[in-house]
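Here is the structure we will look at, set down as structure tokens.
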């Protein structure tokens, strides 16, 4: 008996194809799900950004003690620009200023920056420099000193803080008789010198003296006010030193 090969009808073939395709799809989907599950199980767990989990830093903050110039205040930046230029210390400048007035005594000295303008004509004074040096350029450091004669008459003496030369010297034309008397009284009552007061201040704070002034504090006590600038942070510390015994009465740190 001869075997006869029958061909499948179109409808039957389509049915078989549909069944085969469905089986393949089911197998593929199952494989995909298994792969995803395996990947999820193998992947390490990591916290989401911004969750603030303990011990996790999302973005390091800038240290508040950073030394960037932008972190300095305006006054600190001015001190940083001015103080390093100084080559003549306050006491050297004070000695020079005192020589401008016969029998004179220092009442005040302060570090400042030159305006760049030509000073007015220097008025004559016994012991004054005959021909003052040229004025420093704008922004250069200068010492502005005030020296009083025995009768209390005050003379302003400006000194180049780089060369130590006097470039301007002029009497205070606005002083009244009472002003002169007050200055003379203060000088006679001050047992401590400006140098002693400055040493008391720098013994407490190691830095650069930028101002010394004979004055009265809020309690009407005669003091030497001393400013000391520290070059590690450019802060200014002001000391009130008792002009009679050298005791430090008050200390104020200016961080502005």
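Residue numbers (the numbering used here): 417 to 672.
Even glycine gets a Cβ: it sits at the ideal position worked out from N, Cα and C.
| query | result |
| --- | --- |
| Give the DSSP-derived three-state secondary structure of residue 557 in the structure shown. | strand |
| Under 8 Å Cβ to Cβ from residue 393, same chain only, skipping five residues before and after it: list those, please. | Residue 393 is absent from the structure shown; the chain starts at 417 and stops at 672. |
| May I have the straight-line CA-CA distance separating residue 632 from residue 591, to the nearest angstrom? | 18 Å |
| Buried or exposed, going by whether 16 or more other CB atoms sit within 10 Å of the CB of residue 589? | exposed |
| Are the beta-carbon atoms of residue 644 and residue 625 separated by less than 7 Å? | yes |
| Is it right to say residue 669 is buried, meaning 16 or more other beta carbons lie within 10 angstroms of its own, or is it exposed? | exposed |
| Let me know the secondary structure DSSP gives residue 459 once reduced to three states. | Residue confidence is low: residue 459 scores 43 on pLDDT, short of 50, so the model does not pin down where it sits. Its coordinate-derived value is still stated next. If DSSP states are grouped into helix, strand and coil, residue 459 belongs with coil. |
| With a threshold of 16 other CB atoms inside 10 Å of the CB of residue 519, please say whether the residue is buried or exposed. | exposed |
| How about residue 528 and residue 504: do their beta carbons lie closer than 7 Å? | no |
| Under the rule that 16 or more other beta-carbon atoms within 10 Å means buried, what is residue 532, buried or exposed? | exposed |
| Counting beta carbon pairs with one atom in the stretch 595 to 606 and one in the stretch 564 to 573, are three or more of them shorter than 8 Å? | yes |
| Excluding the 5 residues flanking residue 621 on each side, which residues of the same chain have their C-beta closer than 6 Å to its C-beta? | 644, 653 |
| How would you label residue 487, buried or exposed, when you count the other beta carbons within 10 angstroms and need 16 or more for buried? | exposed |
| Which class does residue 503 belong to by DSSP, given the choice of helix, strand or coil? | coil |
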